[in-house]
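Everything below concerns the one structure shown next.
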Amino acid sequence: MTICGKMLTVFLMLLSACATHGRFQLDATMSDELSETRESISQGSTTQAIRDLTMMLELDPRHEEALFLRALASQKKEAYAEALADYRQLLTANPKYLKAHFNAGMILAFHLHDTVAALEHFDAFLTIDPTHAKAPEVAGIMCSLDPKAEIVQRTMKEIELLEVQGEKTQAIERYRSLLAEHPTLSSVHLKLGRLLQEMKQVRASQNHLMKAALFSRVARF
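Position 27 (the sequence shown) corresponds to 27 in my numbering; numbering is contiguous.
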């Protein structure tokens, strides 16, 4: 089938599904088409996949899988600006979309060389799910990207003094500010985790303690 024929078939199938059976049938039809498109992407047919996915997204602009697959196809085609735009659109609608954070981070780190933005995506990945199977890999990438400045040691002493003085809320803010610049510092995650534990902020505490363990383990390799 020609490219034009394929696009016309996809359009007519989706339009028919929408007109005759409503949303349920539309989702089922799109699911079938997405399976084929996913296979096309894996085989390197990215240009055609992007065309088909764009047509699907015109009918359903908020379809997560279609948007993710178009981003993935653009990424494989090395159209990084387009891929990043789709990943960001996905994350605007769903800030916990782990694959979008990971892929956006990889593009920013190794193709667009925006280390700060890449670290933000990787840190978001670990914040959402520090027990994920890819967490050690993400932690390792972050450590390779994150330079540790000597000024960190002086900052740590200042924050520890705040803790001794009982200024725990201010200490927490300073720890978080330090991690915003250097998100792979295991010692800071550990201290912040313990301090949050004292403040009865259990969930946030556990998150930082798990990150401390991850980055500490990676640092030994």
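Glycine included, every Cβ here is placed at the ideal spot set by N, Cα and C.
Segment contact: the stretch 158-175 against the stretch 211-220, fewer than three CB-CB distances shorter than 8 Å; contact not assigned. Buried is the label assigned to Q75, since at least 16 other Cβ atoms lie within 10 Å of its Cβ. Within the same chain, and ignoring the five residues on either side of Q197 in sequence, the residues whose Cβ sits closer than 7 Å to its Cβ are S205. Burial is judged here by how many other beta carbons sit within 10 angstroms of a residue's own beta carbon; E78 has fewer than 16 and is exposed. When secondary structure is reduced to three states using DSSP, A79 falls in the coil class, being assigned neither helix nor strand. The three-state reading of DSSP puts A117 in helix, counting H, G and I together. Per the coordinates, the alpha-carbon of L185 lies some 27 Å from the alpha-carbon of L84.
Counted as a single uninterrupted DSSP element, the alpha helix (DSSP H) harbouring E181 occupies residues K168 to E181.
Shown here, P95 sits in coil according to DSSP, grouped into three states, outside any helix or strand.
In terms of Cβ geometry, G105 and F122 form a close pair [threshold 8 Å]. Here DSSP, grouped into helix, strand and coil, assigns H111 to coil. A Cβ-Cβ contact shorter than 8 Å links F125 with H101. Under the DSSP assignment, Q48 falls in the alpha helix (DSSP H) whose first and last residues are T46 to L59. Less than 8 Å divides the Cβ of H63 from the Cβ of L57. The residue among Q165, V152 and G166 with its C-alpha nearest the C-alpha of Y175 is V152. Under the three-state reduction of DSSP, R154 is assigned to helix. Here P95 is exposed. Its C-beta has fewer than 16 other C-beta atoms within 10 Å. Contact check for L195 and I172: beta-carbon distance about 6 Å, within the 8 Å limit, so the pair qualifies. In the structure shown, D146 falls within a coil segment according to DSSP collapsed to helix, strand and coil.
Here E36 is exposed: its Cβ has fewer than 16 other Cβ atoms, across all protein chains shown, within 10 Å.
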